[in-house]
Structures are given as C-alpha cells and as structure tokens.
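**Q**
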Amino acid sequence: MLGRSLLRGWRRRCPNCGGGPLFHGFVRVRRSCAACGEHLHHQRADDLPAYVTILLVGKLVIAAMIAVELTWAPPVWVHWAVWPTLTVLMSLWLLPRVKGMAIGMQWALGMHGFGGEDR
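First residue of the sequence shown: 18, per this note's numbering; consecutive thereafter.
Written as structure tokens, this is what we have:
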C-alpha cells in the first residue's frame, strides 16, 4: 500500500484512488479528492518536499557540473548559463512530485488525520 501511494503521489494523484488530481495550482493541495471524496486538507507536508528537492537537485547538479568540467572544461560563461537554469527547472519539476509522495506516505501510514475510522 505504501509503494502504491508513493507512486500515486509522484503522479500527483489522490493517494486513495489514484484518479483525482492532488493539487490545484502548483503545489496547493485540494481539500478533498474530486473522484473519491477522500479528505486531503489535513496533510502536513510542511518543509519536507523542499528539503528533499534541494538535496536531490543539489547532488545531481553538482555531480553533473564536476563531470562536465573535468570532461570538456567549457568556459565560465557556459557554466553560468547552464547550471542555474538547470537547477531552477529541475526544482520546479521535482517539487510537486516530492510533495505528492510526502502526502502519499502520510496517507498510507495513517499520519496527521488520514487514519480515520473507516480505514
């Protein structure tokens, strides 16, 4: 159940049914699922998605930056053009997916009000 909920969160779908969208807007969580009615308003993802996104993007960008420098040694302006752009794009792409996974994990483990009487 945890793996399925994490995958649904990665796809930004309801952790209960996988059908309804988890967010409206960029990372604003819906109050409830449009497909199954599961209440989502009590999730507490807080800062975890931002921390995980920073960690992953930082590790990947730094590793790529070092590899490119050691392999091709491009001029400094290439580094200034590529790496900040790549960092921002990767962060924007990854943040809602990581937040969806955090909510999916909370739902699967019954945390923060997700473990209601009917589960």
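Even glycine gets a Cβ: it sits at the ideal position worked out from N, Cα and C.
Being a predicted model, the structure only gives us computed values, none of them experimental.
1) Buried or exposed: which applies to G26, given that a residue is buried once 16 or more other Cβ atoms fall within 10 Å of its Cβ?
2) With a 10 Å radius around its C-beta and 16 neighbouring C-beta atoms as the bar for buried, classify G121 as buried or exposed.
3) For the 8 Å Cβ check, are there 3 or more pairs between the stretch 27-37 and the stretch 51-62?
4) Return the CA-CA distance between S49 and Q123, expressed in angstroms with no decimal places.
5) On the three-state DSSP scale, how would you describe V46?
6) To the nearest angstrom, report how far apart R28 and H41 are at their CA atoms.
7) Indicate the three-state DSSP secondary structure (helix, strand or coil) for R30 in the structure shown.
8) Suppose you measure from the CA of R136 to the CA of L73; what does that come to, to the nearest Å?
**A** Let me lay it out:
1) buried
2) buried
3) yes
4) 15 Å
5) strand
6) 14 Å
7) strand
8) No answer about R136 holds up, because its pLDDT of 49 lies below 50 and its placement is not dependable.
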